[in-house]
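Worksheet: one structure, shown below.
Residue numbers (the numbering used here): 104 to 210.
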């Protein structure tokens, strides 16, 4: 259900980040998340969370990854041209009275 949808969004985001060469960021992020997940699973085992605790850990891992990737892109630390493109489109809409345009000469 919801976990699969979340995982698919995370995997698409990571595929895009791989495509633009952000392998170092992804390696650091996955190492950090491995440690967080391992600590969570130790606590979950001690508290007898059972199989539900394992699934909660998987969802926690996906939420953590998606949040990290969103933050990384939103803060402009990536080589993705998304921020500049969004700002440019926002400025164009303001100049056109809030009307979106497809005139590529304005980009």
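Just so you know, even glycine gets a beta-carbon here, dropped at the ideal spot from N, CA and C.
- prompt: By Cβ distance below 7 Å, which residues in the same chain neighbour residue 156 in space, the five residues on each side in sequence not counted?
  reply: Around residue 156: 147.
task: Mind reading off the beta-carbon distance from residue 171 to residue 132? Whole number of angstroms is fine, and I expect it under 8 Å.
output: Contact flag correct, Cβ pair sits at about 5 Å.
query: Run through DSSP, which three-state label would residue 123 get?
result: DSSP, read as helix, strand or coil, puts residue 123 in coil.
message: Is the separation between the beta-carbon of residue 116 and that of residue 169 shorter than 8 Å?
response: The answer is yes: Cβ separation under 8 Å.
task: Could you have a look at residue 182 and say whether DSSP puts it in helix, strand or coil?
output: In the structure shown, the three-state DSSP call for residue 182 is coil.
- prompt: Is it buried or exposed for residue 162, if we count other Cβ within 10 angstroms and need 16 for buried?
  reply: That one is exposed.
field: Nearest to residue 144 (by Cα), restricted to the options 159, 130, 109, 107
entry: Ranking the options by Cα distance to residue 144, first place goes to 159.
- request: Check the C-beta distance from residue 121 over to residue 109 and give it rounded, since I have them as a contact under 8 Å.
  value: Taking a contact as a CB-CB distance under 8 Å, the pair residue 121 and residue 109 does not count as one, their CB atoms being some 19 Å apart.
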